[in-house]
Amino acid sequence: MPIYEYKCKKCGTVFERIVSANTTDKVSCAKCGSNIVQKIISAASLRLSSSSAAAIPLGAHSGCASPSGFS
4 MPIYEYKCKK CGTVFERIVS ANTTDKVSCA KCGSNIVQKI ISAASLRLSS SSAAAIPLGA
64 HSGCASPSGF S
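Residue numbering for the sequence shown follows this note's numbering, beginning at 4 and increasing consecutively.
If you want it as structure tokens, here you go:
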């Protein structure tokens, strides 16, 4: 199950929640209990396809690779 990041619109708290894709349960704030929350797009929730990854310049990677781009 994926982990999603949410921000409470009532108190502003940002929190993570494991949510099943086929659930209809409402997500509530971890601090105030409000169910008025907004899903946040975070870096951890984005996925690049192999064709998209090839379009990223070598210098843009995290720096873990060797100068040729491969270790």
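For glycine and all other residues, C-beta sits at the position ideal for the given N, C-alpha and C.
{"Item": "Rounded to whole angstroms, what's the CA-CA distance from Tyr9 to Asp28? Just pull it up for me.", "Value": "14 Å"}
{"Item": "On the criterion of 16 or more Cβ atoms from any shown chain inside 10 Å, does Cys35 qualify as buried, or is it exposed?", "Value": "exposed"}
{"Item": "Distance check for Tyr7 and Phe18, CA to CA, integer angstroms please.", "Value": "8 Å"}
{"Item": "Measure the C-alpha to C-alpha separation of Ala24 and Pro5 and round it to an integer number of angstroms.", "Value": "8 Å"}
{"Item": "Straight-line CA distance for Gln41 to Lys12?", "Value": "7 Å"}
{"Item": "Might you give, ordered along the chain, the residues of its own chain that have their beta carbon closer than 6 Å to the beta carbon of Ser31, omitting 5 neighbours on each side?", "Value": "Asn38"}
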